[in-house]
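Chemist: The numbering used here numbers the first residue of the sequence shown as 3 and each following residue consecutively.
Idealized CB from N, CA, C, for every residue including glycine.
Only a predicted model underlies this, so the values are computations on that prediction, with no experimental measurement involved.
One structure is given below, represented as structure tokens, and several questions about it will come after.
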Amino acid sequence: MSLKAFHLIFVTLLTTLSFGFSAWAFIAGQVIFGALGIVAAILVIIYGIYFLKKLKKISYL
Numbered sequence: 003m004s005l006k007a008f009h010l011i012f013v014t015l016l017t018t019l020s021f022g023f024s025a026w027a028f029i030a031g032q033v034i035f036g037a038l039g040i041v042a043a044i045l046v047i048i049y050g051i052y053f054l055k056k057l058k059k060i061s062y063l
């Protein structure tokens with residue numbers, strides 16, 4: 003597994019974790035932490051898109 007593939011898996015897991023934390027925070031009544039979780043997830047998605055564009059020529063293997 004290449005570093006690129008590992009990085010994309012890590013970004014995907016971090017995005018899922020951020021949305022999960024946000025949902026948990028909203029259920030617990032913590033609106034500020036829920037909003038911060040959504041902001042973090044959006045930032046990670048933006049970073050993932052940037053990473054894919056930057057390393058477009060490198061294979062996943």
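How many Å lie between T10 and G50 at the Cα?
Modeler: Here residue 10 refers to the residue found at position 8 when the sequence shown is read from its first residue. Here residue 50 refers to the residue found at position 48 when the sequence shown is read from its first residue. One point to set straight first is that residue 10 is Leu, not Thr, in the sequence displayed. Their backbone Cα atoms lie some 7 Å apart in a straight line.
Chemist: Between A7, L5, Y62 and F23, which lies nearest to V41 when the distance is taken from Cα to Cα?
Modeler: Position 39 of the sequence shown, counted from the start, is the residue given in the question as residue 41. Measuring from the Cα of V41, the nearest candidate turns out to be F23.
Chemist: Where do the ends of the alpha helix (DSSP H) carrying A42 lie?
Modeler: Numbered from 1 along the sequence shown, position 40 holds the residue referred to as residue 42. That run of the alpha helix (DSSP H) goes V33 to K56.
Chemist: Which of helix, strand or coil does DSSP assign to I60?
Modeler: If you number the sequence shown from 1, residue 60 lands on position 58. It is coil, neither helix nor strand.
Chemist: If you compare alpha carbons, which of I48, A30 and Y62 is closest to V13?
Modeler: For the purposes of this step, residue 13 is taken as the residue at position 11 of the sequence shown. The shortest C-alpha separation from V13 is found at I48.
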